[in-house]
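Each residue of the sequence shown is one higher than the last, beginning at 65 in our numbering.
The beta carbon of each residue, even a glycine, is placed where N, CA and C say it ideally should be.
Report on the structure given below.
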Amino acid sequence: MTTAPSSLIDGKAIAAQVRADVATGVASLTASHNIVPGLAVVLVGEDPASQVYVRNKGKQTIECGMRSIEHKLAADTNQADLLALVASLNQDKEVHGILVQLPLPDHIDEKLVIESIDPAKDVDGFHPINVGRLSSGEDALTPCTPAGSIILLKSVQQDLSGMNAVIVGRSNIVGKPMAQLLLRENCTVTIAHSRTRDLADVVRAADIVIAAVGRPEMIRGDWIKPGAIVIDVGINRVPGAESGKTKLVGDVAFAEAAEVAGAITPVPGGVGPMTIACLLSNALQAAKTSVGA
Ligand code: NDP
């Protein structure tokens, strides 16, 4: 490891740099090809957390010089209408990226909706074509949270080759694509999950720990190998110190782990800001690909 013990990985600052790079890329694409990248976000229903995400995405899209197109649909929107909207966005030449905010209401088949998005505009990287391309090592639009986590890791150590990486969590949006990206970086990758035996020992062997479980502070300080890099993807809202107040914590017991780790992401201010920054980067990439730039 090249870092001093317990250095904090500043996701906010690194995300700001990614967004600045996207803004530069947008300006240069507009100058060379006379197009403004357009990112369409579709929100179905009124889930408060999703509304906050969508608002932030729209704001940051505009700040990067891109066009933000928002479609807010009622919670009882039927599946056929949503599919028709996606089909029209697929055809729209001014739309280069399409994101359908998940989760969708129960009466809508999420998989069907994801598969209806043009893979070339699939800025979330969830379409099976992009999933397949990623796993076969081809160019693909890559899921944003894992892509952001790789940037954070490389801010600590540029060459990850040969490192032992343990990912806790095997979801399609975080754990599995994270494994593909770490393989691409020549890590030796283990994916742990709820059926993994002796999880603490598995994590203790890791030079890199990616926590994507959704269980507050489950990964304890004594699970962390001294000097390891810890990326905490988890976002969990728990009761705060003051009664009636809540706070956000990750899947890692931060104070304990920071005593041992070489470098660690905080929650909030670690992986979270990287997700939108990488989404904007994907939208730029999709726009560039659309004109062969
Ligand atoms: P999922 O619920 O889809 O997946 C959780 C994974 O954790 C599953 O693979 C599950 O195993 C595993 N798991 C659950 N309990 C245990 C346990 N006791 N021991 C070991 N493994 C366990 O979650 P997501 O991947 O969608 O999200 C994970 C976390 O990351 C959440 O806190 C979420 O809020 C956060 N997140 C943050 C983002 C960001 O922008 N920073 C973006 C996306 C997610 P199994 O498969 O066996 O059930």
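Using a Cβ-Cβ cutoff of less than 7 Å, which residues in the same chain neighbour P192 once the five nearest sequence positions on both sides are dropped? Sequence index remark: in the sequence shown, residue 192 carries index 128 (1-based). So the qualifying residues of the chain are E179.
With 16 other CB atoms within 10 Å as the buried threshold, where does D145 fall? Locating residue 145 in the sequence shown gives position 81, counting from the first residue. So D145 counts as exposed.
Which residue marks the beginning of the alpha helix (DSSP H) containing P210, and which one marks its end? For the purposes of this step, residue 210 is taken as residue 146 along the sequence shown, with counting starting at 1. First-last of the alpha helix (DSSP H) with P210: C208 to V220.
Please determine, among Q165, A321 and K352, the residue with the shortest C-alpha to C-alpha distance to S71. On the sequence shown, position 7 is the one that residue 71 refers to. Answer by Cα proximity: A321.
R248, enclosing alpha helix (DSSP H) - first and last residue: Position 184 of the sequence shown, counted from the first residue, corresponds to residue 248. G239 to R248 is the extent of the alpha helix (DSSP H) around R248.
Consider the C-beta atom of G298 and the heavy atoms of the ligand NDP; say whether any pair is separated by less than 7 Å. Here residue 298 corresponds to residue number 234 of the sequence shown, with the count starting at 1. It does: the Cβ of G298 is within 7 Å (strictly closer) of some heavy atom of the ligand NDP.
Opening and closing residue of the beta strand (DSSP E) in which H361 lies: Missing from the structure shown is residue 361; the chain here goes from 65 to 357 and no further.
For the beta strand (DSSP E) that contains V164, what are its first and last residues? Reading the sequence shown from its first residue, position 100 is the one you call residue 164. Note, V164: beta strand (DSSP E), G161 to V164.
Beta-carbon contacts of G356 that lie in its chain and below 8 Å, excluding the five residues immediately before and after: As a first step, residue 356 is located in the sequence shown; it is residue number 292 there, counting from the start. If we look at G356 and ignore the five residues flanking it on each side, it has no Cβ neighbours.
Can you check which of these residues, D173, H171, L163 and N250, is closest to P207 by C-alpha distance? Counting from one through the sequence shown, the residue named residue 207 turns up at place 143. Checking every option, the nearest Cα to that of P207 belongs to L163.
N346, buried or exposed, once every other Cβ within 10 Å from all chains shown has been counted against 16: Position 282 of the sequence shown, counting from 1, holds the residue named residue 346. Counting Cβ neighbours within 10 Å, N346 comes out buried, since at least 16 surround it.
Can A276 and S235 be called in contact, C-beta distance under 8 Å? As a first step, residue 276 must be located in the sequence shown, where it is residue number 212. As a first step, residue 235 must be located in the sequence shown, where it is residue number 171. Yes, Cβ-Cβ distance for A276 and S235 is below 8 Å.
Three-state secondary structure assigned by DSSP to K311: The residue given as residue 311 occupies position 247 in the sequence shown. In the structure shown, K311 sits in a strand (DSSP, three-state: E or B).
Starting from the Cα of F190, find the closest Cα among I295, E174 and D140 and give me that residue. Translated into the one-based positions of the sequence shown, residue 190 becomes position 126. That would be E174, whose Cα lies nearest to the Cα of F190.
Where does R279 sit, in a helix, a strand or coil, going by DSSP? The count along the sequence shown starts at 1 and reaches residue 279 at position 215. R279 falls in the coil class under three-state DSSP.
Apply the 10 Å Cβ neighbour rule to S213 and answer buried if 16 or more other Cβ atoms are within range, or exposed otherwise. Against the sequence shown, residue 213 aligns to sequence position 149. Label assigned to S213: buried.
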